[in-house]
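In the working numbering, the protein residues as written are 100 to 386.
All C-beta atoms, glycine included, are put in the ideal place defined by N, C-alpha and C.
Just so you know, these numbers come straight off a predicted model, no measurement behind them.
In structure tokens form, the structure reads like this:
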């Protein structure tokens, strides 16, 4: 009897193994997204977006809508897609939702940073800056929009493509948008570093009178002395620095990830995505 049963068991084991391997090969991620991680980040992004919405309404500000709030909604969609995939990682739709929205999500956050930094330059002293506050918004926000459009176009091609070639072409376009974003961030960091160096060494650009906003008198004054940093401003500068560093690290990670292709080691390792994308983005989106 055993002679008849053992071969059947062996065949059953082989079939089960082959089925498991087939399911693994069909996975869009190379792994199954962890439910509790997806849920935690989904909740955090949702809370953050609601708080920012309330702040924008309370202070009657419009600029957070196309920047911070848009970024929050994109991240919510992305992590909702990953949470969906945690129940079935073979579906195309949630995979493409999360890959497109998590790539695009931090881009509007960058636009907010550029706008905020322009305001900081106006307060601390325009004479220390190579660019005027207006040009920080005009130049860098425009570049950010270009990056967003390029990444969005690539994501659309990858999501709607019927072949691997279409998906690869879309991925390469997305990669180009992220690389462009990385270059823009590097230039911005250069301008910001020069500004802070000149401010802390009190070395304004030669021949340029610099205006600053008097936070007490609430008017613009010309002065030969540097702006005195308050504790609140110091905290804001630290937060801004941490945010841009985290976004820079995240951009480097996504560049390496997409450069490795849809089935590369980086893109198919969940822990790296959770740390270098999820954690990096949610840490600076908290009000």
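Judged by beta-carbon spacing, residue 184 lies within the 8 angstroms limit of residue 127, meaning their Cβ atoms are closer than that value.
With the rule of 3 Cβ pairs closer than 8 angstroms, the segment 339–348 counts as touching the segment 373–383. Ranking 303, 139 and 208 by CA distance to the CA of residue 224 puts 303 first. Within the same chain, 181, 184 and 185 come within 6 angstroms of residue 132 by CB-CB distance, once the 5 residues on both sides are set aside.
Taking C-beta atoms as the reference points, residue 178 and residue 141 count as a pair closer than 8 angstroms. Contact annotation: residue 253 and residue 273 have beta-carbon atoms nearer than 8 angstroms.
A straight line joining the alpha-carbon of residue 366 with that of residue 222 spans about 42 angstroms. Per DSSP, residue 155 is one residue of the alpha helix (DSSP H) stretching across 134–157. Secondary structure of residue 213 (DSSP, three-state): helix. By the Cβ-count criterion, residue 164 is exposed, with fewer than 16 other Cβ atoms from all chains shown falling within 10 Å of its own Cβ.
Annotated three-state conformation of residue 186 is coil, per DSSP. Scanning its chain for C-beta atoms nearer than 6 angstroms, with the 5 sequence neighbours on each side dropped, one finds around residue 207 the residues 166, 169 and 170, in chain order. Closest by C-alpha distance to residue 237, out of 357, 258, 248 and 213, is 213. Non-local C-beta neighbours of residue 245 in its own chain, meaning closer than 6 angstroms and more than five positions away in sequence, are absent. Contact between residue 277 and residue 357 is confirmed by a C-beta separation of about 7 angstroms, below the 8 angstroms threshold. Sixteen is the threshold: since fewer than 16 other Cβ atoms of the shown chains lie within 10 Å of the Cβ of residue 362, the residue is exposed.
Residues of the same chain with a CB within less than 8 angstroms of the CB of residue 147, apart from the 5 flanking positions on each side, are 171, 381, 384, 385 and 386 in chain order. Between residue 293 and residue 333, the C-beta spacing is not below 8 angstroms. Per DSSP, residue 239 is not a residue of any alpha helix (DSSP H), being assigned neither H nor E. In the three-state DSSP reduction, residue 193 falls in the helix class (H, G or I). Its chain contains 239 as the residues whose beta carbon lies nearer than 6 angstroms to that of residue 287, once the 5 sequence neighbours on both sides are disregarded; these appear in chain order. For the pair residue 349 and residue 232, the CB atoms are not nearer than the 8 angstroms cut-off. For residue 296, the enclosing alpha helix (DSSP H) stretches over residues 263–299. DSSP, reduced to helix, strand and coil, places residue 362 outside both helices and strands of the structure shown, so it counts as coil. Separation of residue 242 and residue 280 (C-alpha to C-alpha, rounded to the nearest whole angstrom) is 8 angstroms.
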